[in-house]
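Step one of this worksheet: look at the structure below.
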Amino acid sequence: MARGAEPAGERRRCGSVVAYFTSAKFLLYLGHALSTWVGTASVTSELSVWIGLFKTFWGDRMWHFAVSVFLVELYGNSLLLTAVYGLVVAGSVLLLGAIIGDWVDKNSRLKVAQTSLVVQNASVILCGIILMVIFLFKMQLLTLYHGWLLTMCYILVITIANIANLASTATAITIQRDWIVVIAGEDRSKLADMNATIRRIDQLTNILAPVAVGQIMTFGSPMIGCGFISGWNLMSMCVEYLLLWKVYQKTPTLALKSAKVEESELKQLNVKTESDVKPAEGVQLIVEKDVTGFEPQQEKEMSCGARIAEPFITFRDGWVAYYNQPVFLAGMGLAFLYMTVLGFDCITTGYAYTQGLSGSVLSLLMGASAVTGIMGTVAFTWLRRKCGLVRTGLISGVAQFACLVLCAVSVFMPGSPMDLTVSPFADISARLFESEPLPAIASPEDKPEVFFATGMPNLLNGSTTPANSDPEMSPEPVPLLSVSLLFAGVIAARVGLWSFDLTVTQLLQENVVESERGIINGVQNSMNYLLDLLHFIMVILAPNPEAFGLLVLISVSFVAMGHIMYFRFAQKTLGKQLFSCRTPDPKVSDSSPTGNTSTV
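Using the numbering used here, the first residue of the sequence shown is number 78, and each one after it goes up by one.
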């Protein structure tokens, strides 16, 4: 009996393993990894299996990193093209986010996913080919038509890269905001786990992908990097296309997509009872879909003026619908977190570089931020089980703000270049109106002595002073206390940040009606980009190091305002039960139904 039971147990275990690796959830992870790996570094065949799990986020991270480097390389080590590209991307998503989301809502899930996938990868492939041509024939293009042909190539590259980003936005909306909800079904815990898993993949690829593509460009050339990215996207597009089709086939509910419904319709995952899922429900959805699908064909053809006005009406209706959502304050709270310089973007890392931190130290700090980000995803799943989804966002917000207090304190610590006597706009006025040179960084004289400074090896941006050098000619070491507190706060705050991000993401998934998921999440992306754009404008207006401390204080203030908005949302949702750590969360809407027995 024992011998007979062992093979049976092994078969059951093997069967469960096979079932997981052929499940829709695993295939979605694999497809998501494929999309991110698009455009990465060289890999060996032995690592192909591991890389497949990360390809989705890997591709996006690699392309975003590579295209910025390519643009800098093309324009003579200037940031002009990169800045223009960032402005175009932010402006496009801001203006077209609602329209993209509406297109996601009005078309079948498979069509949206496959179309956005093909457009994204085809745009990256075409952009890579154009960049290769520019790198090969840059001198010839520079002489043709007084350089206008080369300028047109720059415009073409930025335009196509922007199209790729818009397609990537559509892919993210349909896969991360819609497909996952359908695959999770009525299981909110499964939805939370899937969201956390995808975010962990994102954090890992955010560090590994730039390292990989950087090696190709370092030991090869930018042209080789372009060719590799184009070839990889071509191969990856085919695999991702098949994976999406497989997930679609293994999840029949993805084929059922309800049309526009009334406000009183029950929202998926908010009301979960034993009698909700009936065999006839799918049939009813199909009937409703067929009826509404043929209605537009019976209507009279739209006039030319109506067609022109339709995108503007969609834009207006999307923002109005977003404002009327019960989770509006939660979404606004998340958007306000984008108005900050307290992240590992080019601004904060550039400031750290001016304060004496070397590139190797910055890379280690970015790695530490990825680790704390993954810890945030773990904290999210644990807190959601213990305290409920809404309270998880509140706890995460308090944790993030508490860590960012260190950043505010760092502004007043020794080593901080903040000088309120220097106008934040001195740089702009001097360059535009007085034609004076840039103001010099404050001299190290009169700085108090500190015990922690960049005189140690490998931390100073350059070599340390030799022992036999003239002490009068050697530079003063830059104190590290201020910048250390700054990055300690930024890194520690990632735990609360990503836990809060996952909370708002799941609130949007659970409380936005299915027929509006695309347009609402499109507007949410637009709001995020709007605040992100404002933070870049803020830096442009006050770029000097003496003003960075002021930018830090403004950033902490915006984070505080975002969490105050979320607190108001949580207070309206939970009322007096806000501070009682109970697992069930009520329905987030104006009128709560009585049949909600789900747990968070």
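We put the beta carbon where it would ideally sit given N, CA and C, even for glycine. Just so you know, these numbers come straight off a predicted model, no measurement behind them.
Roughly how far, in whole angstroms, is the beta-carbon of residue i from the beta-carbon of residue j, given that I think they are within contact range, below 8 Å?
i	j	result
Leu628	Val636	About 13 Å separates the two Cβ atoms, so there is no contact after all.
Leu243	Leu172	Wrong, their Cβ atoms sit about 10 Å apart, outside the cutoff.
Val250	Ser200	The sequence shown places Ile at residue 250, not Val. That pair is no contact at about 17 Å.
Ser473	Ser576	4 Å
Leu406	Arg645	6 Å
Leu481	Leu419	6 Å
Gly470	Ala647	7 Å
Met452	Val572	5 Å
Ser487	Leu563	4 Å
Phe457	Leu268	Not really, about 12 Å apart at Cβ, beyond 8 Å.
Tyr399	Phe625	That belief does not hold up - the Cβ atoms of Tyr399 and Phe625 are roughly 33 Å apart, past 8 Å.
Val234	Leu208	6 Å
Thr650	Val475	17 Å between Cβ atoms; not a contact.
Are the CB atoms of residue i and residue j nearer to each other than 9 Å?
i	j	result
Asp179	Thr391	yes
Asn283	Arg138	yes
Gly639	Ala412	yes
Leu585	Asn598	yes
Ala167	Leu607	yes
Ala569	Thr454	no
Gly566	Leu483	yes
Leu194	Thr248	yes
Thr328	Val259	yes
Met294	Gly302	yes
Gly410	Ala175	no
Thr228	Asn602	no
Gln432	Val560	yes
Ala332	Ser493	no
Ile278	Ala143	no
State buried or exposed for residue i, treating a residue as buried only when at least 16 other CB atoms are found within 10 Å of its CB.
i	result
Pro548	Note that Pro548 has pLDDT 47, beneath the 50 cutoff, so the model's placement of it is unreliable and no number is given.
Ser657	exposed
Thr220	exposed
Gly205	buried
Glu387	exposed
Ser313	buried
Cys464	buried
Ile614	exposed
Gln217	exposed
Ser520	The predicted model places Ser520 with a pLDDT of 43, which falls under 50 and marks its position as unreliable, so this point remains unresolved.
Ser380	exposed
Trp225	exposed
Arg254	buried
Gln583	buried
Ile385	exposed
Phe326	Sequence check: residue 326 is Gln here, not Phe. Exposed, by the Cβ-count rule.
Gly382	exposed
Leu215	Note that residue 215 corresponds to Lys in the displayed sequence, not to Leu. With fewer than 16 Cβ atoms within 10 Å of its Cβ, Lys215 is classed as exposed.
Lys188	exposed
Tyr162	buried
Phe389	exposed
Asp609	buried
Trp135	buried
Ala286	buried
Thr574	Sequence check: residue 574 is Leu here, not Thr. Per the 10 Å Cβ criterion, buried.
Ser145	buried
Trp309	buried
Lys653	exposed
Pro299	buried
In the DSSP assignment, find the alpha helix (DSSP H) that holds residue i and state where it starts and stops.
i	result
Pro299	299-327
Phe656	Note, Phe656: premise wrong, no alpha helix (DSSP H); not H, not E.
Ile275	265-296
Thr192	186-213
Ile252	No alpha helix (DSSP H) holds Ile252; DSSP gives it neither H nor E.
Gly168	157-183
Ala569	558-588
Gly595	594-618
Asp394	381-400
Leu331	Counting along the chain, Leu331 falls outside any alpha helix (DSSP H), and DSSP gives it neither H nor E.
Phe405	405-413
Please find out if some non-hydrogen atom of the ligand GDP comes closer than 8 Å to the beta-carbon of residue i.
i	result
Phe646	Ligands in the displayed structure: none, and consequently the ligand GDP is not present.
Report the residue ranges of all alpha helix (DSSP H) runs contained in full by the region 433-468; include only those spanning at least 4 residues, in chain order. 436-464
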